[in-house]
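A.B. asks: Handing you this structure, nothing more for now.
Numbering (my numbering), first residue to last: 7 to 251.
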């Protein structure tokens with residue numbers, strides 16, 4: 007099995023083959039060593055932060071036979087667990103999320119992954135400390151948010167960061183994008199959601215200390231948004247799924 011050189015993408019990985027007695031290992035993400043020994047129980051399934059040198063990996067043992075990446079409902083359930091485990095870990099310290107459904111044949115493969123990536127992960131944890139991911143969605147007209155799928159399945163970075171709009175809407179969205187991005191440690195456009203009224207989406211890696219100012223910026227733009235018939239939705243906080251790399 008080829009080991010991933012980085013974590014944070016949204017690939018769905020098939021569980022490796024194993025003997026009936028062998029358990030595979032699912033990786034949720036990387037946290038600081040101080041969290042080693044913590045357990046995160048979601049829907050009756052326990053993940054644990056296990057020490058690996060001066061890091062800790064949030065993992066759980068899994069039965070390879072339960073893996074069914076062709077089943078959308080199964081993937082959605084896994085995504086919900088993945089997200090909630092990392093949200094709980096995030097409250098205790100910075101998190102570097104792994105790709106959804108990242109699975110290894112055993113601890114030996116995990117050891118190799120740590121050896122190849124430990125230094126990069128330490129730098130990522132330092133970069134992400136004290137920060138959260140927030141997502142801004144903008145729709146045409148009155149709209150009720152219908153986010154039924156887990157966040158980690160709904161949000162993916164866009165291929166381009168430009169806003170392809172015209173006229174007054176373009177000026178408003180570009181000004182909003184610039185003002186929000188100026189407060190963030192990092193920002194990215196996201197792919198449009200499958201909704202004909204969806205206009206704009208972006209994720210922001212925000213310092214907790216900047217959240218009040220971030221909300222103030224949105225309120226400052228809200229009056230013009232109403233005049234243009236636009237609706238804002240702010241979604242968060244989340245682990246840094248789009249900023250882990």
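Beta carbons: idealized from backbone N, C-alpha and C, even for Gly.
Predicted model only: the values in this text are computed from it and were never measured.
Please report the Cβ distance between residue 34 and residue 116, rounded to the nearest whole angstrom; I am assuming they are in contact, meaning their Cβ atoms lie under 8 Å.
C.D. replies: Position 28 of the chain shown, counting from 1, holds the residue named residue 34. Position 110 of the chain shown, counting from 1, holds the residue named residue 116. Not a contact, Cβ separation roughly 12 Å.
A.B. asks: Count the other CB atoms within 10 Å of the CB of residue 215; is the residue buried (16 or more) or exposed (fewer)?
C.D. replies: Translated into positions along the chain shown, residue 215 becomes position 209. Answer is exposed; the Cβ neighbour count stays below 16.
A.B. asks: Which stretch, first to last residue, makes up the alpha helix (DSSP H) that contains residue 84?
C.D. replies: Along the chain shown, read from residue 1 onward, the residue named residue 84 stands at position 78. From DSSP, the alpha helix (DSSP H) with residue 84 extends over 78-96.
A.B. asks: Expressed to the nearest angstrom, what Euclidean distance is found between the alpha-carbon atoms of residue 162 and residue 195?
C.D. replies: Translated into the one-based positions of the chain shown, residue 162 becomes position 156. Translated into the one-based positions of the chain shown, residue 195 becomes position 189. Straight-line Cα distance between these residues: approximately 9 Å.
A.B. asks: Once DSSP output is grouped into helix, strand and coil, what is the label at residue 108?
C.D. replies: Counting from 1 along the chain shown, the entry for residue 108 is found at position 102. If DSSP states are grouped into helix, strand and coil, residue 108 belongs with the strands.
A.B. asks: When we look at the beta-carbon of residue 66 and count the other beta-carbons within 10 Å, is it buried (16 or more) or exposed?
C.D. replies: Taking the first residue of the chain shown as position 1, residue 66 is located at position 60. Buried: at least 16 other Cβ atoms inside 10 Å.
A.B. asks: Could you spell out the range, first to last residue, of the alpha helix (DSSP H) harbouring residue 219?
C.D. replies: As a working note, residue 219 is residue 213 in the chain shown. Here the alpha helix (DSSP H) through residue 219 covers 217-234.
A.B. asks: The alpha helix (DSSP H) with residue 131 in it runs from where to where?
C.D. replies: Translated into the one-based positions of the chain shown, residue 131 becomes position 125. That run of the alpha helix (DSSP H) goes 113-134.
A.B. asks: Just mark residue 181 as buried or exposed, buried being the case when its beta carbon has 16 or more other beta carbons within 10 Å.
C.D. replies: As a working mapping, residue 181 is identified with position 175 in the chain shown. By the 10 Å Cβ count, residue 181 comes out exposed.
A.B. asks: What does the Cβ neighbour count give for residue 40, buried or exposed, with the cut at 16 atoms within 10 Å?
C.D. replies: Counting from one through the chain shown, the residue named residue 40 turns up at place 34. With fewer than 16 other Cβ atoms within 10 Å, it is exposed.
A.B. asks: Please work out which residues of its chain come closer than 7 Å, Cβ to Cβ, to residue 18, disregarding the five sequence neighbours upstream and downstream, and give them in chain order.
C.D. replies: As a first step, residue 18 is located in the chain shown; it is residue number 12 there, counting from the start. Model confidence at residue 18 stands at a pLDDT of 41, short of 50, so the residue's coordinates are unreliable; what they give is reported in the following sentence. Counting only Cβ-Cβ distances below 7 Å, and skipping sequence neighbours, we find 75, 81, 106, 107.
A.B. asks: Can you give me the C-alpha to C-alpha distance between residue 121 and residue 238, rounded to a whole angstrom?
C.D. replies: In the chain shown, the residue the question calls residue 121 occupies position 115. In the chain shown, the residue the question calls residue 238 occupies position 232. Rounded to the nearest angstrom, the two C-alpha atoms are 43 Å apart.
A.B. asks: Quick check: the Cα distance between residue 42 and residue 173, rounded to an integer number of angstroms?
C.D. replies: As a working note, residue 42 is residue 36 in the chain shown. As a working note, residue 173 is residue 167 in the chain shown. Distance between the alpha carbons of residue 42 and residue 173 is about 53 Å.
A.B. asks: What are the boundary residues of the alpha helix (DSSP H) that residue 188 is part of?
C.D. replies: Locating residue 188 in the chain shown gives position 182, counting from the first residue. Residue 188 -> alpha helix (DSSP H) spans 173-189.
A.B. asks: Please tell me whether residue 220 and residue 144 are closer than 8 Å, where the distance is taken between their beta carbons.
C.D. replies: For the purposes of this step, residue 220 is taken as residue 214 along the chain shown, with counting starting at 1. For the purposes of this step, residue 144 is taken as residue 138 along the chain shown, with counting starting at 1. It is not a contact, given that the beta carbons lie outside the stated cut-off.
A.B. asks: Please classify residue 53: does DSSP put it in a helix, a strand, or coil?
C.D. replies: Walking along the chain shown from the start, residue 53 turns up at place 47. Here residue 53 sits in strand by DSSP.
A.B. asks: For residue 125, does the count of other Cβ atoms within 10 angstroms reach 16, so buried, or fall short, so exposed?
C.D. replies: If you number the chain shown from 1, residue 125 lands on position 119. By the neighbour-count rule (16 or more Cβ atoms within 10 Å), residue 125 is not buried but exposed.
A.B. asks: Report the rounded CA-to-CA distance for residue 32 versus residue 127, giving the unit in angstroms.
C.D. replies: Taking the chain shown and counting its residues from 1, the one referred to as residue 32 is at position 26. Taking the chain shown and counting its residues from 1, the one referred to as residue 127 is at position 121. Using only the alpha carbons, I get a separation of about 18 Å.
A.B. asks: Is the segment 128-140 touching the segment 49-57, taking contact as three or more C-beta pairs under 8 Å?
C.D. replies: No contact exists between the segment 128-140 and the segment 49-57.
A.B. asks: Around the Cβ of residue 244, are there at least 16 other Cβ atoms within 10 angstroms (buried) or fewer (exposed)?
C.D. replies: The sequence position of residue 244 within the chain shown is 238, counting from 1. The residue is buried, with at least 16 neighbouring Cβ atoms inside 10 Å.
A.B. asks: Residues in its own chain within less than 6 Å of residue 227 by CB, not counting five upstream and five downstream?
C.D. replies: Stepping through the chain shown from its first residue, residue 227 is reached at position 221. Excluding positions up to five away in sequence, the list reads 182.
A.B. asks: Shortest alpha-carbon distance to residue 89 belongs to which of 208, 176, 160?
C.D. replies: Taking the first residue of the chain shown as 1, we reach residue 89 at position 83. The option with the nearest alpha carbon to residue 89 is 160.
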